[in-house]
Amino acid sequence: MTQIQRQITNDIAWVIVGVFCICALEARAIISPSPITMASVIFEVCSAFGNVGGSLGKGFPNTPTSQSAQYCTASKLVLIILMFRGRHRGLPAAIDRAVLLPSEQLEQSDAQEQQLQRLHRSPSNITGITTARSIASQSQANIHVYR
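Printed below as a string of structure tokens:
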């Protein structure tokens, strides 16, 4: 399995476990004629895991709150755990570059990557070799150690 397959499998497993837990905890409300349904639970769980902030509002008559406010405390804790897990998934920078802070060093490495990609596409090997050596010497000079 590749890294992306493991990550997607792990994320889907968290969502499925969250849906199962909330459905088990809110079984009476789902069975009774109320606005809480399986589809609405799935929507709430996916919204929580994705940190979207969407919720089905005005689901209950005479209440100004969203549907998840009508859940029991344990179901709310499941949603909180899913929000936390969805926010801190631990994606590597190769998959999700949004987890990196912007910096000059990142921009330099991106420029170096683009230049190396151009080298592989260029028809001339002589210019590519000299440019690759100059890139390597520049990257060695830009290494900083912070303590």
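Residue numbers (numbering that gives the first Met the number 0): 0 to 146. Ideal placement from N, C-alpha and C gives every residue a C-beta, glycine not left out.
- In chain order, what residues of the same chain have a beta carbon less than 8 Å from the beta carbon of residue 82, not counting five sequence neighbours either side? Stepping through the sequence shown from its first residue, residue 82 is reached at position 83. The residues are 47, 48 and 50.
- Item | Counted within 10 angstroms of its Cβ, other Cβ atoms place residue 11 as buried (16 or more) or exposed | Locating residue 11 in the sequence shown gives position 12, where the first residue counts as 1. Exposed.
- Message: Please report the distance separating the alpha-carbon of residue 19 from that of residue 53.
- Response: One-based indexing of the sequence shown puts residue 19 at position 20. One-based indexing of the sequence shown puts residue 53 at position 54. The straight-line gap from Cα to Cα measures roughly 20 Å.
- Query: How is residue 54 classed by DSSP in three states: helix, strand or coil?
  - Reply: Reading the sequence shown from its first residue, position 55 is the one you call residue 54. Reduced to three states, the DSSP call for residue 54 is coil.
- Message: In this structure, how does DSSP classify residue 33 when only helix, strand and coil are distinguished?
- Response: Indexing the sequence shown from 1 puts residue 33 at position 34. Here residue 33 sits in coil by DSSP.
- Query: To which residues of the same chain is residue 71 closer than 8 Å at the C-beta, ignoring the five residues directly before and after it?
  - Reply: Residue numbering aside, residue 71 sits at position 72 when the sequence shown is read from its first letter. Result list for residue 71: 24 and 25, in chain order.
- Item | For residue 13 and residue 40, the rounded distance between their alpha carbons | Reading the sequence shown from its first residue, position 41 is the one you call residue 40. Reading the sequence shown from its first residue, position 14 is the one you call residue 13. Cα to Cα, the separation comes out at about 14 Å.
- Query: How big is the Cα-Cα spacing for residue 65 and residue 34?
  - Reply: Here residue 65 corresponds to residue number 66 of the sequence shown, with the count starting at 1. Here residue 34 corresponds to residue number 35 of the sequence shown, with the count starting at 1. Spanning the two alpha carbons is a distance of roughly 11 Å.
- Message: Once the 5 residues before and after residue 22 are set aside, which same chain residues still bring their CB inside 7 Å of it?
- Response: Within the sequence shown, numbered from 1, the residue matching residue 22 stands at position 23. 29, 37 and 40, listed in sequence order.
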